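Student: FYI, the UniProt record's numbering numbers position 214 of the sequence shown as 214, with every residue one higher than the one before it.
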Amino acid sequence: MTPENDANRNTAWKQQQQQEIQPRVNVLGMDDVRGSYIWMKDFHANLQHYGIKNGSKIMMMGDTASIPNPSNNNNGFISTATPSKSSSEPLARQSPHNTATHALEILEKKANTTTLALVETYMSSVLEYTSSVSSTGVSDSTDQNAAATTSKKIKDAHARVSELILQDLLKVDAVAIPEGDDEARGMRKRIVKTLNGMLDRVDGFKERVVEFEKNSKM
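1) Can you list, in chain order, the residues of its chain whose CB lies under 7 Å from that of serine 125, leaving out five sequence neighbours each side?
2) Just confirm the distance between the C-beta atoms of lysine 97 and aspartate 182, as a whole number of angstroms; I'd bet it's less than 8 Å.
3) Would DSSP call aspartate 203 helix, strand or coil?
4) Compute the Euclidean distance between the alpha carbons of phenylalanine 212 and serine 162, then round it to the nearest angstrom.
5) Give me the Cα-Cα distance between arginine 208 and histidine 102, rounded to the nearest whole angstrom.
6) Leaving out the 5 sequence neighbours to the left and right, which residues in its chain are closer than 6 Å to methionine 198 when beta-carbon positions are compared?
7) Who are the near neighbours of alanine 111 in its chain, counting only those whose CB is closer than 8 Å to its CB and skipping five residues on each side?
8) Do you know how far the Cα of lysine 206 is from the Cα of tyrosine 122?
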């Protein structure tokens, strides 16, 4: 290699170093940074998944499109199904009739399931209490203490069930019935009749306990 060629090579190498030191401007008007470019297909994966380690300098680039919500996707694909009118229609836009009947349907279902189950449980406990004590009798102090404890539990259960029924009645009464809406008014009367019937049955079993304990002299 001749001295002239060696000098030209050194000059080219220095120019290359100066170009690498000086920052370059990219199409975004920002300092261009040399490195690897990664396309993040999974927005929920961590950075280590893409080989980015501690101390690495990163520059995020993206567009204005929102990230798909996984809860609204099906296997990563955005659903294009049109929501039904009933699910997308705000409650405020529903007619007063539909609003009233919908609220009454919920209360009636609760009365015929949850409330009725508690009423039946209470009546079963009363029957078990009165039949077991009447058949075996209360002989010693241990039996008397056990019977007194059971009696208190039954009285507490009556108070809870009665309070629940009264709360249901208040909720039914609070439903706004549109003027002239005979259907919704009929629904409310039916639910009130059902709940009042439950309350009468519960109170009747309470009187049965009182009469039983009076005759047993507990």
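All C-beta atoms in this analysis are idealised placements derived from N, C-alpha and C, irrespective of residue type, glycine included.
What you are looking at is a predicted structure, and each value in this text was computed from that prediction instead of being measured.
Tutor: Looking at the coordinates:
1) Ile154 and Ala157
2) The amino acid occupying residue 97 in the given sequence is histidine; lysine does not appear at that position. Actually they do not touch by this definition, with Cβ atoms about 10 Å apart.
3) helix
4) 20 Å
5) 38 Å
6) Val119 and Ile165
7) Asp168, Ile191, Thr194, Leu195 and Met198
8) 10 Å
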